[in-house]
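First the structure, in the form of structure tokens, and then the observations on it.
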Amino acid sequence: MARIATLQAWVSPSGAAPRRDPAWVRWTLVGTAVGLMGLFLVLPLAAVFAYALEKGVAAYLAAICEPEAWSAIKLTLLAAGFAGPLNLVFGLAASWAVARFDFPGKSLLLTLIDIPFTISPVISGMLFVLLFGAQGWFGRWLTDHDLKIIFAAPGIILATTFVTLPFIARVLIPQLESTGAEEEQAALTLGASGWQMFWRVTLPNLKWALLYGVIQANARAMGEFGAVSVVSGHIRGVTNTLPLYVEILYDDYQLVPAFAVASLLTGLALVTLVVKGVVEWKASREHGGAPELASLEERAA
Amino acid sequence: MAIALHARSAAPPDRVVTLLNVSYDPTRELYQDIDRAFAATWKARTGQEVVIHQSHGGSGKQARAVIDGLQADVVTLGLAYDIDEIAERAGLLPRDWQSRLPYRSCPFTSTVVFLVRKGNPKRVRDWDDLVRPGIAVITPNPKTSSGGRWNYLAAWGYALRKQGGNEGAARDFVSRLYRNVPVLDSGARGATDTFVQRGLGDVLIAWENEALLVVKELGRGQFELVTPSESILAEPPVSLVDKVVDRRGTRAVAQAYLEFLYSEEGQTIGARHYYRPQLRSVAARYAAQFPRLRLFTVDEVFGGWQKAQRTHFADGGIFDQIYQPGR
Numbered sequence: 001m002a003r004i005a006t007l008q009a010w011v012s013p014s015g016a017a018p019r020r021d022p023a024w025v026r027w028t029l030v031g032t033a034v035g036l037m038g039l040f041l042v043l044p045l046a047a048v049f050a051y052a053l054e055k056g057v058a059a060y061l062a063a064i065c066e067p068e069a070w071s072a073i074k075l076t077l078l079a080a081g082f083a084g085p086l087n088l089v090f091g092l093a094a095s096w097a098v099a100r101f102d103f104p105g106k107s108l109l110l111t112l113i114d115i116p117f118t119i120s121p122v123i124s125g126m127l128f129v130l131l132f133g134a135q136g137w138f139g140r141w142l143t144d145h146d147l148k149i150i151f152a153a154p155g156i157i158l159a160t161t162f163v164t165l166p167f168i169a170r171v172l173i174p175q176l177e178s179t180g181a182e183e184e185q186a187a188l189t190l191g192a193s194g195w196q197m198f199w200r201v202t203l204p205n206l207k208w209a210l211l212y213g214v215i216q217a218n219a220r221a222m223g224e225f226g227a228v229s230v231v232s233g234h235i236r237g238v239t240n241t242l243p244l245y246v247e248i249l250y251d252d253y254q255l256v257p258a259f260a261v262a263s264l265l266t267g268l269a270l271v272t273l274v275v276k277g278v279v280e281w282k283a284s285r286e287h288g289g290a291p292e293l294a295s296l297e298e299r300a301a
Numbered sequence: 001m002a003i004a005l006h007a008r009s010a011a012p013p014d015r016v017v018t019l020l021n022v023s024y025d026p027t028r029e030l031y032q033d034i035d036r037a038f039a040a041t042w043k044a045r046t047g048q049e050v051v052i053h054q055s056h057g058g059s060g061k062q063a064r065a066v067i068d069g070l071q072a073d074v075v076t077l078g079l080a081y082d083i084d085e086i087a088e089r090a091g092l093l094p095r096d097w098q099s100r101l102p103y104r105s106c107p108f109t110s111t112v113v114f115l116v117r118k119g120n121p122k123r124v125r126d127w128d129d130l131v132r133p134g135i136a137v138i139t140p141n142p143k144t145s146s147g148g149r150w151n152y153l154a155a156w157g158y159a160l161r162k163q164g165g166n167e168g169a170a171r172d173f174v175s176r177l178y179r180n181v182p183v184l185d186s187g188a189r190g191a192t193d194t195f196v197q198r199g200l201g202d203v204l205i206a207w208e209n210e211a212l213l214v215v216k217e218l219g220r221g222q223f224e225l226v227t228p229s230e231s232i233l234a235e236p237p238v239s240l241v242d243k244v245v246d247r248r249g250t251r252a253v254a255q256a257y258l259e260f261l262y263s264e265e266g267q268t269i270g271a272r273h274y275y276r277p278q279l280r281s282v283a284a285r286y287a288a289q290f291p292r293l294r295l296f297t298v299d300e301v302f303g304g305w306q307k308a309q310r311t312h313f314a315d316g317g318i319f320d321q322i323y324q325p326g327r
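As you go down the protein sequences, you meet chains A and B in turn.
The numbering used here numbers the first residue of the first sequence as 1 and each following residue consecutively.
The numbering used here numbers the first residue of the second sequence as 1 and each following residue consecutively.
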């Protein structure tokens, strides 16, 4: 690991002065970027809130206080609440295994971690129906034992967890690889136990990357539509998450409530962005830059 | 207290019973009102509180979900074939389910009509106008939507009867019609959205209740309803899901729920939501709301749903042969 670090330092030209392009090039690029961003990001965002508040604050609040809206909020939080810790455990274990050990099938494991990113969420949902649906592999057994997975909260939690599984592992792996194992080895040589090393050395080094991964996974968990739509059964007030509820309201021609609930999800996205910004800023102050963090977004997209 | 004895879950024998009604797309508003009225009636009769949950979607998709284990106590779907599929593939109810309730288990009927933009600028009067060149027709995909299948069969039946039973002429008529369809939505509600919200198309072929909802409530003053000279009698049926109600111990209340649909009160709620009631007294009161037209049934013209499904909508069936997307 140490050798790779020196190699990188040697390859990247550290002292070169940044090249400057002519002013018109810079302004055209900046103008295009800002224009497109306004058109594709700011305008739709503004539209969500404008529609939501079209009939006033009272109508907006009424839409959010509907029992069906509450049940959607609770179910969404429940799914994200389960998916988060499960992802955390999986992410830590998987990234630790990949970054610290060499074993046959390591690249296979890396590929497997990426599967939820590469297959369409709708297919992910169908896989669970094939496994746990009444006609599926475990369907008979589940029916006999009166257990419900599909078309109930467990199915929604499973689908959400599956879809968000790679997020944390994917930020931790590069972070673990770049910090290297020296500090951990030093801790072990000085007589620390495995757990002591993990809590006092590894985890503090990972904390910003970890937080970043959790935020990303959480945002995706709350916004997940495709996979959850397949396993939900769309029982109103019972198995609809926020994104599903928005679709239902829209199909019912209830535009103001639809956008009011959509604004909740939008608000969540904005909060996520702010927290993410803070985390990145903190991380860069502590580690002198965290360029690895950027890689995840490209993958997720 | 039979309910408590049957319930296998650890929950206490509470006084609240829940039902799940799995329904098709455009019935959302109807069953919201039905559920409220039935809950009051049931409470008055038995003292028990009943909460009815709803699930809506394309009829075929909903049937699929019940087959896959969605615990529906009752299904209220867009056409009999979808309930047949549940009996056939999952065995959750007997195959003769349709003979268990009056009017072949259809508490309401509807038909297929046209919705056009205000002033009827393209002068659409009857089915023949839909195959004219330059007319854009919006109708959902008959492979996935029950409404789409009723629309298709209505067009076919009209052409067949007009041409004195000439199958070739009917096929030609329907393929010309679908050549005028720019986009096939997967459900009836999606097609209505396409026509009403997105402003696509000159004419929407729709359930009568959906069309009346748009004309009278959503797009007041922007749309007009056109009743063709002849159309199909759409019969959306209802049924208990026997295996589910027996496991959950909800047979009595589920049965009462379905019977409520046939009561004076249930029929009136249906009529208020623009479904044609079966009960004479209610039908008479709402006669003005439903234009009179000649109606033919699937059984008369197509020899039943099983046959219609096989001939027209199965993979490689006539619809697949005549419809080529992007043309």
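Ideal Cβ positions, reconstructed from N, Cα and C, are used throughout, including at glycine.
In the DSSP assignment, find the beta strand (DSSP E) that holds residue i and state where it starts and stops.
i	result
Trp-207(B)	203-207
Gly-57(B)	49-57
Arg-117(B)	108-117
CB residue i to CB residue j, shorter than 9 Å?
i	j	result
Gly-125(A)	Val-261(A)	no
Arg-236(A)	Ser-99(B)	no
Ile-232(B)	Phe-296(B)	yes
Ala-69(A)	Pro-257(A)	yes
Leu-230(B)	Gly-157(B)	Note that residue 230(B) is Glu in the sequence shown, not Leu. Cβ atoms of Glu-230(B) and Gly-157(B): closer than 9 Å.
Asn-166(B)	Ala-136(B)	no
Ser-146(B)	Asp-96(B)	no
Leu-86(A)	Val-98(A)	no
Ala-221(A)	Val-163(A)	yes
Glu-177(A)	Val-201(A)	no
Arg-117(B)	Glu-224(B)	yes
Ala-65(B)	Glu-85(B)	no
Leu-153(B)	Phe-290(B)	no
Thr-139(B)	Leu-204(B)	yes
Gln-48(B)	Val-17(B)	yes
Leu-77(B)	Tyr-31(B)	no
Leu-336(B)	Val-253(B)	Nothing can be reported for residue 336(B): it is not among the residues displayed for chain B, which extend from 1 to 327.
Gly-266(B)	Pro-107(B)	yes
Quick one: what's residue i bridged to in DSSP?
i	result
Leu-295(B)	Ser-231(B)
Asn-21(B)	Gln-54(B) and Val-74(B)
Ile-138(B)	Leu-204(B)
Ile-235(A)	Ser-55(B)
Val-16(B)	Glu-49(B)
Pro-277(B)	Phe-108(B)
Which two residues bound the contiguous alpha helix (DSSP H) that contains residue i?
i	result
Ser-232(A)	226-232
Arg-220(A)	203-223
Tyr-158(B)	146-162
Asp-96(B)	No alpha helix (DSSP H) contains Asp-96(B), which DSSP labels as neither H nor E.
Lys-122(B)	Unbroken run through Lys-122(B): none, as it is neither H nor E.
Lys-43(B)	28-46
Leu-176(A)	166-179
Gly-270(B)	264-272
Phe-198(A)	No alpha helix (DSSP H) holds Phe-198(A); DSSP gives it neither H nor E.
Pro-243(A)	242-251
Asp-320(B)	318-322
Tyr-178(B)	167-179
Thr-311(B)	Looking at the DSSP string, Thr-311(B) is not in any alpha helix (DSSP H), and its letter there is neither H nor E.
Tyr-81(B)	80-90
Glu-188(A)	Glu is not the amino acid found at residue 188(A); the sequence shown has Leu there. 182-189 is the span of the alpha helix (DSSP H), which, as asked, contains Leu-188(A).
Using a Cβ-based criterion (distance less than 8 Å to any ligand heavy atom), does residue i qualify as near the ligand GDP?
i	result
Leu-39(A)	What this structure holds is no ligand at all, so the ligand GDP is not there to describe.
- Message: Extract the residue ranges of the alpha helix (DSSP H) inside the region 215-258 of chain B, only unbroken runs of 4 or more that lie entirely within it.
- Response: DSSP runs (the alpha helix (DSSP H)) wholly in the region 215-258 of chain B: 242-248.
- Specify whether the region 59-72 of chain A and the region 128-141 of chain A touch according to this definition: at least 3 beta carbon pairs, one from each stretch, less than 8 Å apart. No, the region 59-72 of chain A is not in contact with the region 128-141 of chain A.
- Message: My parser needs the alpha helix (DSSP H) runs of 4 or more residues fully inside the region 105-137 of chain A; what are they?
- Response: As far as the region 105-137 of chain A is concerned, its whole alpha helix (DSSP H) runs of at least 4 residues are 106-118 and 121-132.
- Would you call the region 174-193 of chain B and the region 255-263 of chain B in contact, with 3 or more CB pairs under 8 Å? Cβ pair count under 8 Å is below three, so no.
- Enumerate, from N- to C-terminal direction, the unbroken alpha helix (DSSP H) stretches of 4 or more residues contained entirely within the region 25-100 of chain A. Counting only runs of 4 or more, we get 43-52, 56-65 and 67-100.
- Decide yes or no for the touch test of the region 60-75 of chain B against the region 36-44 of chain B: beta carbon pairs closer than 8 Å, at least 3 of them. Taking 8 Å as the limit for Cβ pairs, the verdict is that the region 36-44 of chain B does not touch the region 60-75 of chain B.
- Message: With a threshold of 8 Å, are at least 3 pairs of Cβ atoms found where one atom belongs to the region 111-131 of chain B and the other to the region 168-181 of chain A?
- Response: No, the region 111-131 of chain B does not touch the region 168-181 of chain A.
- Message: Any contact between the region 263-283 of chain B and the region 200-211 of chain B? By contact I mean 3 or more CB pairs, one from each, below 8 Å.
- Response: By the criterion of at least three beta-carbon pairs nearer than 8 Å, the region 263-283 of chain B is in contact with the region 200-211 of chain B.
- Pairing CB atoms from the region 43-62 of chain A with CB atoms from the region 247-257 of chain A, are three or more of them under 8 Å? The region 43-62 of chain A, when compared against the region 247-257 of chain A, does touch it at the 8 Å Cβ threshold.
- Message: Under 8 Å: do the region 210-219 of chain A and the region 41-53 of chain A share three or more Cβ pairs, one atom per stretch?
- Response: No: fewer than three Cβ pairs fall under 8 Å.
- Message: Would the region 231-247 of chain A count as touching the region 141-158 of chain A if we require 3 or more Cβ pairs under 8 Å?
- Response: Yes: at least three Cβ pairs fall under 8 Å.
- Message: Quick check: the region 268-277 of chain A against the region 190-201 of chain A, are at least 3 beta-carbon pairs closer than 8 Å?
- Response: With contact defined as three or more Cβ pairs closer than 8 Å, the region 190-201 of chain A and the region 268-277 of chain A are not in contact.
- Hey, which unbroken runs of the alpha helix (DSSP H) at 4 residues or more fall wholly within the region 251-287 of chain A? Secondary structure remark: continuous alpha helix (DSSP H) runs of at least 4 residues inside the region 251-287 of chain A, in chain order: 255-287.
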